[in-house]
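Report on the structure given below.
Numbering (full-length UniProt numbering), first residue to last: 1 to 328.
The structure is reproduced here in structure tokens:
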């Protein structure tokens, strides 16, 4: 196989007509240039220069190889630039996963920051529920995904994944405007809603499980009349006076006819994390984590709090990680 370094040297010798001048242009000694040309001649099996008393003369083969080498060197140079761009995160591909509420509230500003800071990168996004996204991260089909865990429905994440906390959402009680339970000044006592019709997510979801466990603390089981995994539907039903609900802070959207208040006792939360394979060395991961940290800080408000224990990776010497027991 021909050595690209030797081909570069050949081009310089043909252009300059001298080992010494080629040495000055390449930074090698004349002896090193001579050795490289000798090695190339052995590789091609024929002399490339006629050695004369006062210099060298390129053979026809030398001109032919040098001309073709210029094309190959240009391709290699372009490849090296592309590799540097990928390694340094200026280009490349980043495949993200998200669950719906984060896809609406957290992802857009993070993706906007990524495309601004890395205009040459290809950012891809897939939306699904966390249980569908996790296998894709484990298999390497996704570089990073956003997931959540409720306080009362703890999760243990796969050991090969790094868990990066982003935000903490307060679980919000939604009731129709003017509801009698609003008489408290410090929030709603959930026991006051024991006889209400509830709007909940579908059975088996973490949200539905969290609702039943919160209500169990208050010694009642919610009477679920309506089920939907679409928080717009949930909040529309509450605003219409059809029932009451508990939703995470990211999902809450103010609307006429509905009031949102925190629990007076036993406040509970949903926490949002970014997960990625610890063995994944995609240079864009660091930029993605920084973008999500900034996006989380931008969402801080009454019912959403950025996890201030986590700084952006640019504020750390290394990408921060958390232990699994800190993430549930």
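Just so you know, even glycine gets a beta-carbon here, dropped at the ideal spot from N, CA and C.
Taking buried to mean at least 16 other C-beta atoms within 10 Å of its own C-beta, is residue i buried or exposed?
i, result
"residue 204", "exposed"
"residue 179", "buried"
"residue 113", "buried"
"residue 165", "buried"
"residue 210", "buried"
"residue 177", "exposed"
"residue 36", "buried"
"residue 304", "buried"
"residue 124", "exposed"
"residue 238", "buried"
"residue 79", "exposed"
"residue 50", "exposed"
"residue 75", "exposed"
"residue 130", "buried"
"residue 318", "Any reading at residue 318 is ruled out, since the residue's pLDDT is 45, under 50, leaving its predicted position unreliable."
"residue 29", "exposed"
"residue 292", "buried"
"residue 66", "buried"
"residue 110", "buried"
"residue 326", "At residue 326, the pLDDT of 33 sits below 50, so the modelled position is not reliable and the matter cannot be decided from this model."
"residue 156", "exposed"
"residue 23", "buried"
"residue 323", "A caution first: residue 323 carries a pLDDT of 33, below 50, which makes its placement in the model too unreliable to give a value."
"residue 208", "buried"
"residue 53", "exposed"
"residue 20", "exposed"
"residue 121", "buried"
"residue 245", "buried"
"residue 43", "exposed"
Can residue i and residue j be called in contact, C-beta distance under 9 Å?
i, j, result
"residue 175", "residue 247", "no"
"residue 13", "residue 73", "no"
"residue 141", "residue 95", "yes"
"residue 234", "residue 199", "yes"
"residue 197", "residue 243", "yes"
"residue 182", "residue 146", "no"
"residue 329", "residue 250", "Because residue 329 is not part of the residues shown, which for the chain are 1 to 328, the question remains open."
"residue 117", "residue 287", "yes"
"residue 223", "residue 195", "yes"
"residue 126", "residue 136", "yes"
"residue 47", "residue 59", "yes"
"residue 7", "residue 69", "yes"
"residue 302", "residue 170", "yes"
"residue 167", "residue 290", "no"
"residue 283", "residue 45", "no"
"residue 56", "residue 18", "yes"
"residue 274", "residue 206", "no"
"residue 231", "residue 101", "yes"
"residue 9", "residue 40", "yes"
"residue 212", "residue 225", "no"
What is the C-beta distance between residue i and residue j, in whole angstroms, given that I count them as a contact (C-beta under 8 Å)?
i, j, result
"residue 144", "residue 285", "6 Å"
"residue 134", "residue 158", "7 Å"
"residue 277", "residue 160", "6 Å"
"residue 240", "residue 257", "7 Å"
Quick one: does the C-beta of residue i sit closer than 8 Å to a heavy atom of the ligand GTP?
i, result
"residue 234", "Absence of the ligand GTP is noted for the structure shown, with no ligands found whatsoever."
Looking at chain C, is there any beta carbon in it that lies within less than 9 Å of the beta carbon of residue i?
i, result
"residue 224", "Looking for chain C here will not work: only one protein chain is present."
- Message: I want to know whether the region 211-230 touches the region 291-301 - three or more CB-CB distances under 8 Å.
- Response: no
Notebook entry, point to check: Just checking, does the region 259-266 make contact with the region 186-199 on the three C-beta pairs under 8 Å criterion?
Noted result: yes
Which full runs of the alpha helix (DSSP H) of 4+ residues lie inside the region 188-266, going along the chain?
206-217 and 231-239
- Task: Could you pull out every unbroken alpha helix (DSSP H) segment of at least 4 residues lying fully inside the region 97-142, listed in chain order?
- Result: 100-105, 107-117 and 130-139
Contained beta strand (DSSP E) runs [length at least 3] in the UniProt domain "HTH lysR-type" (2-59), N- to C-terminal order = Within the UniProt domain "HTH lysR-type" (2-59), the complete beta strand (DSSP E) segments of 3 residues or longer fall at 49-52 and 55-58, listed in chain order.
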